[in-house]
Amino acid sequence: RPRIFFTLTIITCIQSCFLEIFADSSAGSHFLSGDDHEDPLFGEIEKRQANIPFGKVLDAGTGVFSLRWLATLEHKGMTHFTLVTATKEMLADVQAKAEEFKITELGEFIVGNWFGDDEKETVDSSRFPWNWWFNNAEKESIDSRLPYSEYDVILINYLLGAIDVFSPYRQDEIVPRLMKFLKPGGRLYIVGLEPIPDQAKGYGDVICRVRKARNAATLLAGHQRPYREYPLKWVSSHLKTVVPDLEVLSSALYPRLYTKKAIMDQIGFGREQLRHIQDNPKLVKALNAHFDLLEQETLEATNVGPKIQLGMEYVLTAEKRKESDKITALLEGFSEGNEEL
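Quick note on this note's numbering: the sequence shown kicks off at 28 and runs consecutively.
Spelled out as structure tokens, the structure:
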């Protein structure tokens, strides 16, 4: 029961804090439509997709937030979805929401780790003894269980930041691994968060301090690694260098807005970690006092305005080159090389 409770606490935090931007405006609706401008990030994806049907969609790291958006895409040409999540507890949560949204017949749900086969072969079970999520994530490979060899659209929604929790240090491998499932001419959409700075001017500084306190408590508890976000510049450069079959078409940045609930949930997540620190009661008391202070500062900051803006979120759009495009790109590169000579 403690493990289940801990897992559900993390799931709730992910849904409400890491993925929820306009919680107040969308809380009363089951669905999240880009058309209705309830979420600018998914709206950006729909704008880039334009009149191209979504077809078969692979959500490589799904959660309730992206599921709410996928539930609106049937009338935009989505014919099938495959949703991948890392643990059975998370799978149950997503399946329950899909039943509520009445979209279960449109696809299937897979629980697993994109690096499952590699982890079984190369990772000692004691490699991360402190990481409950790592050791309890499903290790079976996802590749063999996908119903299609190619998808029209692949969504990577906040997955880069979460990889450190399940497969540490493998962020650079996820896009090349997924590319074999994207059809030529298919679209890849990456949604992410610019790393939160260590400090900021004005009311945004409380968010920076909450992040540091939450991460400190997480590491001291020893159950998982903190999230590790990657900036848009790194992602774009990485794709151009490591995945030559992908052409980056566009990128867009949007201000990140934090509600009082989102910040308080992060503080609550940090407090939850403290119950696992059993060898230093003085440290736990001091950290609880620090979280008390952060709660008070959060209340003061959000009383000035309902949302605090800090940092940016981004959407990167890329397309897998068709064979004819690969030849054209190769010839252009050869031509430029001759001109330099």
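Ideal Cβ placement from N, Cα and C applies to all residues, glycine included. Remember, it's a predicted structure, so these values are computed and weren't measured experimentally.
Counted within 10 angstroms of its Cβ, other Cβ atoms place N330 as buried (16 or more) or exposed:
In the sequence shown, counting from the first residue as 1, residue 330 sits at position 303. Burial call: exposed.
I want to see whether chain B comes within less than 8 Å of R75, judged by CB atoms only; does it?
No chain B is present in this structure, which holds just one protein chain.
Under a Cβ-count criterion, where at least 16 other Cβ atoms within 10 Å of its own Cβ denotes burial, should H250 be classed as buried or exposed?
Position 223 of the sequence shown, counting from 1, holds the residue named residue 250. The residue is buried, with at least 16 neighbouring Cβ atoms inside 10 Å.
Distance, Cα to Cα, G90 vs E116?
The residue given as residue 90 occupies position 63 in the sequence shown. The residue given as residue 116 occupies position 89 in the sequence shown. Distance between the alpha carbons of G90 and E116 is about 12 Å.
Segment limits, alpha helix (DSSP H) that includes D199:
Stepping through the sequence shown from its first residue, residue 199 is reached at position 172. Segment 198-206, the alpha helix (DSSP H) holding D199.
Selected residue, minimal CA-CA separation from Y196, among L182, E256, G212, L97:
As a position in the sequence shown, residue 196 is number 169, starting the count at 1. The shortest C-alpha to C-alpha distance from Y196 to any of L182, E256, G212, L97 is the one to E256.
Please state the DSSP three-state secondary structure of T245.
One-based indexing of the sequence shown puts residue 245 at position 218. It is helical.
Considering only residues of the segment 234-309, which uninterrupted beta strand (DSSP E) runs meet the minimum length of 3 residues and lie entirely inside it, listed in chain order?
273-286
Touch check for the segment 212-221 and the segment 335-345: three-plus C-beta pairs under 8 Å?
yes
From P203 to L273, what does the alpha carbon distance come to, in whole angstroms?
As a working note, residue 203 is residue 176 in the sequence shown. As a working note, residue 273 is residue 246 in the sequence shown. The alpha-carbon atoms of P203 and L273 are separated by roughly 10 Å.
Report the three-state DSSP secondary structure of I72 (helix, strand or coil).
On the sequence shown, residue 72 is found 45 positions in, with the first residue counted as 1. Correct three-state label for I72: helix.
In angstroms, rounded to a whole number, what distance separates the CA positions of G104 and M291?
Position 77 of the sequence shown, counted from the start, is the residue given in the question as residue 104. Position 264 of the sequence shown, counted from the start, is the residue given in the question as residue 291. In a straight line, the C-alpha of G104 is about 38 Å away from that of M291.
To the nearest angstrom, how far is it from the Cα of F49 to the Cα of Y281?
For the purposes of this step, residue 49 is identified with residue 22 of the sequence shown, where counting begins at 1. For the purposes of this step, residue 281 is identified with residue 254 of the sequence shown, where counting begins at 1. Because the pLDDT of F49 is 35, which lies under 50, any placement of that residue in the model is unreliable, and the number read from its coordinates should be weighed accordingly. Straight-line Cα distance between these residues: approximately 12 Å.
Does G213 pass the burial test, meaning 16 or more other C-beta atoms within 10 Å, or should it be called exposed?
As a first step, residue 213 must be located in the sequence shown, where it is residue number 186. Looking at its Cβ environment, which holds 16 or more other Cβ atoms inside 10 Å, G213 is buried.
Top-ranked residue by Cα proximity to F108, from T114, L118, L94, D120:
As a working mapping, residue 108 is identified with position 81 in the sequence shown. Ranking T114, L118, L94, D120 by Cα distance to F108 puts L94 first.
Quick check on DSSP: helix, strand or coil for R348?
Counting from 1 along the sequence shown, the entry for residue 348 is found at position 321. Correct three-state label for R348: coil.
Note down the Cα distance separating R298 from A244, rounded to an integer number of angstroms.
Working through the sequence shown from its first residue, we reach residue 298 at position 271. Working through the sequence shown from its first residue, we reach residue 244 at position 217. Their Cα atoms are separated by approximately 8 Å.
What is the DSSP secondary structure of F136, counted as helix, strand or coil?
As a position in the sequence shown, residue 136 is number 109, starting the count at 1. F136 falls in the strand class under three-state DSSP.
Taking one C-beta from the segment 259-273 and one from the segment 315-333 each time, how about it: are there three or more such pairs within less than 8 Å?
no
Distance CB(A189)-CB(Y254) smaller than 8 Å:
Counting from one through the sequence shown, the residue named residue 189 turns up at place 162. Counting from one through the sequence shown, the residue named residue 254 turns up at place 227. Cβ atoms of A189 and Y254: closer than 8 Å.
Could you name the residues of the same chain whose beta carbon sits closer than 6 Å to that of G231, not counting the 5 residues immediately before and after it, in chain order?
Locating residue 231 in the sequence shown gives position 204, where the first residue counts as 1. Cβ within range, chain order: I335, L337.
For the segment 79-138, which segments carrying the alpha helix (DSSP H) assignment without a break, of at least 4 residues, lie completely within its bounds, in sequence order?
Runs found: 91-97, 115-128.
Cβ shell of L173 (< 8 Å), same chain only, five flanking positions each side left out:
As a position in the sequence shown, residue 173 is number 146, starting the count at 1. For L173, where only same-chain residues beyond five positions count, the Cβ hits under 8 Å are L85, T109, I137, F208.
Excluding sequence positions up to five away, which residues of its chain have a Cβ less than 8 Å from the Cβ of K124?
As a first step, residue 124 must be located in the sequence shown, where it is residue number 97. Excluding residues within five positions, the ones whose Cβ falls inside 8 Å are V91, L94, R95.
Taking 7 Å as the limit between beta carbons, can you name the residues of its chain near L133, skipping five residues before and five after?
On the sequence shown, residue 133 is found 106 positions in, with the first residue counted as 1. Cβ within range, chain order: E101, H107, F108.
Within the same chain, show all residues whose beta-carbon is closer than 7 Å to that of I304, passing over the 5 residues directly before and after it, in chain order.
Here residue 304 is taken as the residue at index 277 of the sequence shown, counted from 1. Around I304: L247, A248, L310, V311.
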